[in-house]
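Structure, as structure tokens:
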Amino acid sequence: MRMHAVRGLAVLLLLLSLPAPTCAQRAGPQACGQAADSADYGEIRVGSEVVLQRHRFVGGDPNWDESMARYLGRVARVTRLSGVDDQGCPGVRVHVDGGRWFWRVRDVNVGADRPRPPPDEGSGAPGAAIPQACGRTEATVDYGPLRTGTVVVLGRHRPVDDDDNWSPPMSAFVGRTGRIVELAGVDERGCPGVHVDADGRQWFWRIRDLSLADDADGTVAYRPGLASDHGRPGPAAAPEVEVDPRMIQACGLTDETASYGDVAPGTAVVLGRHRPVEGVPNWVEEMEAYVGRTARVTELVGVDEQGCPLVRVDVDDGDWFWRLRDLRLP
Numbered sequence: 135m136r137m138h139a140v141r142g143l144a145v146l147l148l149l150l151s152l153p154a155p156t157c158a159q160r161a162g163p164q165a166c167g168q169a170a171d172s173a174d175y176g177e178i179r180v181g182s183e184v185v186l187q188r189h190r191f192v193g194g195d196p197n198w199d200e201s202m203a204r205y206l207g208r209v210a211r212v213t214r215l216s217g218v219d220d221q222g223c224p225g226v227r228v229h230v231d232g233g234r235w236f237w238r239v240r241d242v243n244v245g246a247d248r249p250r251p252p253p254d255e256g257s258g259a260p261g262a263a264i265p266q267a268c269g270r271t272e273a274t275v276d277y278g279p280l281r282t283g284t285v286v287v288l289g290r291h292r293p294v295d296d297d298d299n300w301s302p303p304m305s306a307f308v309g310r311t312g313r314i315v316e317l318a319g320v321d322e323r324g325c326p327g328v329h330v331d332a333d334g335r336q337w338f339w340r341i342r343d344l345s346l347a348d349d350a351d352g353t354v355a356y357r358p359g360l361a362s363d364h365g366r367p368g369p370a371a372a373p374e375v376e377v378d379p380r381m382i383q384a385c386g387l388t389d390e391t392a393s394y395g396d397v398a399p400g401t402a403v404v405l406g407r408h409r410p411v412e413g414v415p416n417w418v419e420e421m422e423a424y425v426g427r428t429a430r431v432t433e434l435v436g437v438d439e440q441g442c443p444l445v446r447v448d449v450d451d452g453d454w455f456w457r458l459r460d461l462r463l464p
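Letter by letter, the sequence shown follows residues 135 to 464 of this note's numbering.
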């Protein structure tokens with residue numbers, strides 16, 4: 135009897151001495167009933183990898199659309215912390231669906247338990263073959279699979295010869311999807327780069343730090359804007375566009391031929407969402423907050439790549455270019 139007790143004690147001590155099992159995936163914070171300005175995302179940040187799961191009911195509401203089911207079990211990178219839904223459940227947007235759906239953090243698993251590429255392999259998706267080499271010239275630049283119109287996930291630049299060609303305002307776009315609007319040559323380190331629509335073409339993004347935003351079936355899922363960042367997911371109806379005939383509508387102009395009609399610095403205008411020209415709206419989501427607001431023009435700034443005259447205004451501190459054709463006079 136005594137020997138059995140000693141043997142049992144030895145087994146117990148052995149079990150206690152073993153390391154605790156680790157869990158590669160962890161559940162996100164479970165609480166709902168929260169407010170957007172104090173939402174708890176736990177360890178989830180922009181750029182975090184999560185595994186998407188079906189939403190459970192909260193207050194009788196799962197905030198779920200069956201179109202989301204195709205992404206279940208997918209590894210996704212968080213592109214935005216999106217506040218809370220009608221049940222006060224914090225949610226995020228992710229890259230695999232182009233930011234289309236609102237995913238509750240209580241129903242995603244944090245951490246994907248998959249090997250990551252070494253730092254010198256960049257952030258390109260496996261098999262994407264996004265060129266990593268710098269030291270190129272305009273004559274030898276290689277963009278690999280990237281073309282105008284390709285949708286990519288933006289990544290922070292890694293230094294090349296101690297030069298990361300980076301500006302702090304670019305950090306706000308890391309992890310976001312953007313559509314390439316221009317193959318922009320090379321920087322001083324010979325690193326190929328592009329311009330994208332997500333930041334209004336403001337910054338040069340090295341392609342070695344981008345990854346392709348591929349959907350499950352190999353097509354690209356992408357939406358340049360969302361009707362609401364917090365509500366039930368789903369495509370929004372196209373907004374009614376009110377065109378002011380007093381505003382010059384022409385594009386295809388140059389900085390020398392641009393005409394602004396009666397608009398000059400100091401003119402009061404009502405801001406409108408840009409309509410696409412040649413399929414390009416020259417628009418970012420941050421501008422949506424200013425649509426319908428009255429602003430005063432501070433600068434006439436020439437034309438964009440579609441030849442549409444642009445202005446800067448005071449209400450956004452001059453951060454964005456606004457197309458003249460989509461403004462209205464009060």
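Glycine included, each C-beta is placed from N, C-alpha and C at the ideal position.
Predicted model only: the values in this text are computed from it and were never measured.
For residue i: DSSP bridge partner residues
i, result
"I314", "V330"
"W102", "A query on residue 102 cannot be resolved here, the shown segment of the chain reaching from 135 to 464 and no further."
"V445", "L434, W456"
"T428", "V404"
"A210", "V184"
"V418", "For V418, which the question treats as bridged, DSSP gives no partner whatsoever."
"S345", "V287"
"W237", "V226"
"D195", "V192"
"L215", "V226"
"D297", "V294"
"A161", "N243"
Residue from the options with nearest C-alpha to residue i
i, options, result
"C166", "G194, V285, V184, R179", "G194"
"D466", "W235, R227, E390, A173", "No information on residue 466 is available, as it lies outside the stretch 135 to 464 that the chain covers here."
"D448", "D331, G441, G400, A170", "G400"
"Q164", "A170, V212, G222, S201", "G222"
"P415", "G283, D174, V185, R292", "G283"
"I465", "G327, G269, C385, F191", "Lying outside 135 to 464, the shown extent of the chain, residue 465 is not represented and no answer is given."
"L344", "N299, P265, T274", "P265"
"D389", "C442, A203, G319", "C442"
"M202", "G233, V411, P379", "G233"
"A267", "L346, R340, V244", "R340"
"A170", "D220, D276, D396", "D220"
"H291", "T274, W337, Y277", "W337"
"L472", "A263, G278, G269", "Summary: the structure shown does not reach residue 472, with the chain confined to residues 135 through 464, and so no result is reported for it."
Beta-carbon proximity of residue i to residue j, cut-off 8 angstroms
i, j, result
"V465", "V228", "As displayed, the chain neither begins before 135 nor continues past 464, which places residue 465 out of reach and without an answer."
"L405", "A429", "yes"
"P224", "Q168", "yes"
"L215", "Y175", "yes"
"N197", "R238", "yes"
"M381", "L458", "yes"
"V425", "R407", "yes"
"V244", "G162", "yes"
"G334", "W454", "yes"
"S411", "Q440", "A small fix is needed here, since residue 411 is Val in this sequence, not Ser. Yes, Cβ-Cβ distance for V411 and Q440 is below 8 angstroms."
"L434", "Y394", "yes"
"V286", "G312", "yes"
Whole-Å CB distance - residue i paired with residue j, under 8 angstroms assumed
i, j, result
"D297", "E272", "No, D297 and E272 are not in contact; Cβ-Cβ is about 18 angstroms, not under 8 angstroms."
"V230", "L288", "No, V230 and L288 are not in contact; Cβ-Cβ is about 15 angstroms, not under 8 angstroms."
"I178", "V209", "That belief does not hold up - the Cβ atoms of I178 and V209 are roughly 14 angstroms apart, past 8 angstroms."
"L444", "V403", "Not quite, the Cβ-Cβ distance comes to about 12 angstroms (not below 8 angstroms), so this is no contact."
"V120", "V180", "The structure shown does not extend to residue 120, since the chain is modelled only from 135 to 464, so the question has no answer here."
"A332", "V418", "6 angstroms"
"V437", "L387", "5 angstroms"
"V320", "V275", "6 angstroms"
Boundaries (first-last residue) of the beta strand (DSSP E) holding residue i
i, result
"P224", "224 to 228"
"V242", "242 to 244"
"V287", "285 to 287"
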